[in-house]
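Q:
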Amino acid sequence: MDDKARIRFIKILLATFMFFVVYNTLIPFKIYLSPGKLLREFNQIDWTPYFHNGRFNSLTDIVGNIILFLPFGFLFYLHQYYSQKTAPLLRVMIFGFLFSLSIETAQVFFKYRITSVTDLCNNTLGALGGAFAAKIYLTMFEEQVR
Numbered sequence: 003m004d005d006k007a008r009i010r011f012i013k014i015l016l017a018t019f020m021f022f023v024v025y026n027t028l029i030p031f032k033i034y035l036s037p038g039k040l041l042r043e044f045n046q047i048d049w050t051p052y053f054h055n056g057r058f059n060s061l062t063d064i065v066g067n068i069i070l071f072l073p074f075g076f077l078f079y080l081h082q083y084y085s086q087k088t089a090p091l092l093r094v095m096i097f098g099f100l101f102s103l104s105i106e107t108a109q110v111f112f113k114y115r116i117t118s119v120t121d122l123c124n125n126t127l128g129a130l131g132g133a134f135a136a137k138i139y140l141t142m143f144e145e146q147v148r
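To convert a position in the sequence shown, counted from 1, into this note's numbering, add 2.
Right, dumping it as C-alpha cells:
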C-alpha cells in the first residue's frame with residue numbers, strides 16, 4: 003500500500019473513531035437551551051483535576067478516559083508520520099487536547115453529562131499514550147509496515 007492510500011485509510015479510521023467517541027460521550031441527546039439551565043450546568047463543572055465533591059475520582063473513570071483516547075493518539079500519530087509532519091507527538095498532544103476540550107465543552111449543553119477537567123487531562127494522556135504506542139509500533143515493525 004502506498005503512502006497516499008495508507009493516509010486515506012488512516013483518515014477514514016480516525017474519522018470513524020472520532021464519530022464513535024463524540025456519539026458515545028454526548029448521548030442521550032437531551033440539550034439544554036435555556037440560560038438558567040446552562041448557568042447551572044456551568045456552575046457544576048469539576049474544575050479541580052482528579053477530585054469531585056472533595057473525593058478522589060474513581061480509578062475506573064480515570065483509566066476509562068485514558069483508554070478511550072488511546073486509538074485517537076495511535077491513529078493521529080500514524081497520520082502525522084505518513085504525512086511527514088514535523089513534531090508528531092506534539093501535534094497529537096495538541097489535537098488530543100482540542101478534541102477532548104470540544105467534547106467537554108459540548109457536554110455543558112447536554113443533560114446527564116458532566117464536564118470535567120479530569121476527563122480533559124486523562125483524554126490528553128490517553129492520546130499521548132496512543133502516540134507512544136504508535137511510535138513503538140513503527141520502530142519495531144517499520145520494515146514490515148512499509
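We put the CB at the ideal spot given by N, CA and C, even for glycine.
Going along the chain, which unbroken runs of the alpha helix (DSSP H) with 4 or more residues stay wholly within the region 15-86?
A: Counting only runs of 4 or more, we get 37-45 and 61-84.
Q: Helix, strand or coil for residue 143 per DSSP?
A: Walking along the sequence shown from the start, residue 143 turns up at place 141. Reduced to three states, the DSSP call for residue 143 is helix.
Q: Can you give me the C-alpha to C-alpha distance between residue 54 and residue 48, rounded to a whole angstrom?
A: Sequence index remark: in the sequence shown, residue 54 carries index 52 (1-based). Sequence index remark: in the sequence shown, residue 48 carries index 46 (1-based). If you take the alpha carbons of residue 54 and residue 48, they lie about 6 angstroms apart.
Q: Just to confirm before moving on: does the CB-CB distance between residue 79 and residue 7 stay below 8 angstroms?
A: Reading the sequence shown from its first residue, position 77 is the one you call residue 79. Reading the sequence shown from its first residue, position 5 is the one you call residue 7. Their beta carbons are not under 8 angstroms apart, which means residue 79 does not touch residue 7 by this criterion.
Q: Is the beta carbon of residue 112 sitting closer than 8 angstroms to the one on residue 33?
A: As a first step, residue 112 is located in the sequence shown; it is residue number 110 there, counting from the start. As a first step, residue 33 is located in the sequence shown; it is residue number 31 there, counting from the start. Taking 8 angstroms as the Cβ cut-off, residue 112 and residue 33 qualify as a contacting pair.
Q: Let me know the secondary structure DSSP gives residue 99 once reduced to three states.
A: Residue numbering aside, residue 99 sits at position 97 when the sequence shown is read from its first letter. It is helical.
Q: What's the C-alpha gap between residue 37 and residue 66?
A: Taking the first residue of the sequence shown as position 1, residue 37 is located at position 35. Taking the first residue of the sequence shown as position 1, residue 66 is located at position 64. Their Cα atoms are separated by approximately 32 angstroms.
Q: Residue 4: buried (16+ other C-beta within 10 angstroms of its C-beta) or exposed?
A: As a first step, residue 4 is located in the sequence shown; it is residue number 2 there, counting from the start. Residue 4 should be labelled exposed.
Q: For residue 73 versus residue 19, is the C-beta spacing smaller than 8 angstroms?
A: What you label residue 73 is simply residue 71 of the sequence shown in a count that begins at 1. What you label residue 19 is simply residue 17 of the sequence shown in a count that begins at 1. Yes, these two residues count as a Cβ contact at 8 angstroms.
Q: So what does residue 118 bridge to, in DSSP terms?
A: Here the question's residue 118 lines up with position 116 in the sequence shown. Beta-bridge pairing links residue 118 to 48.
Q: Going by the CB atoms, is the gap between residue 44 and residue 110 shorter than 8 angstroms?
A: For the purposes of this step, residue 110 is taken as the residue at position 108 of the sequence shown. For the purposes of this step, residue 44 is taken as the residue at position 42 of the sequence shown. Their beta carbons are under 8 angstroms apart, which means residue 110 touches residue 44 by this criterion.
Q: When DSSP builds the beta bridges, which residues end up paired with residue 112?
A: As a working note, residue 112 is residue 110 in the sequence shown. DSSP lists 33 as partners of residue 112.
Q: Please report how far the alpha carbon of residue 12 lies from the alpha carbon of residue 82, in whole angstroms.
A: Locating residue 12 in the sequence shown gives position 10, where the first residue counts as 1. Locating residue 82 in the sequence shown gives position 80, where the first residue counts as 1. Distance between the alpha carbons of residue 12 and residue 82: 10 angstroms.
Q: For residue 29 and residue 115, I'd like the C-alpha separation in whole angstroms.
A: Position 27 of the sequence shown, counting from 1, holds the residue named residue 29. Position 113 of the sequence shown, counting from 1, holds the residue named residue 115. When rounded, the distance between both Cα atoms is 8 angstroms.
Q: Determine the DSSP secondary structure at residue 88, reduced to helix, strand or coil.
A: Stepping through the sequence shown from its first residue, residue 88 is reached at position 86. The answer is coil: DSSP assigns residue 88 none of H, G, I, E or B.
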